[in-house]
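J.: Numbering (this note's numbering), first residue to last: 60 to 103.
All C-beta atoms in this analysis are idealised placements derived from N, C-alpha and C, irrespective of residue type, glycine included.
#1: Would you report the Cα separation of residue 65 and residue 93, rounded to the nearest angstrom?
#2: Which first and last residues belong to the alpha helix (DSSP H) in which residue 86 is found?
#3: Whole angstroms is fine: what's the gap from residue 95's alpha carbon to residue 84's?
#4: Take residue 76 as the anchor and find which of 90, 60, 68, 63 has the nearest alpha-carbon.
#5: Taking the C-alpha atoms as reference points, what is the distance between residue 82 and residue 62?
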């Protein structure tokens, strides 16, 4: 639970432009990396 709170805190502080920054995953922006776990869960 503490890890989730830290992640939410980090994501809450992102500026709008930060969501479109390339991530370390080639071809993925920050927004896509963040959305990925919820997309996988909703499709199972």
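T.: Taking the structure as given:
#1: Computed Cα separation, rounded: 14 Å.
#2: Per DSSP, residue 86 belongs to no alpha helix (DSSP H) and is neither H nor E.
#3: Looking at the backbone, the Cα of residue 95 and that of residue 84 are separated by about 12 Å.
#4: Of the listed residues, the one whose Cα sits closest to residue 76 is 90.
#5: Going by the C-alpha atoms only, they are around 20 Å apart.
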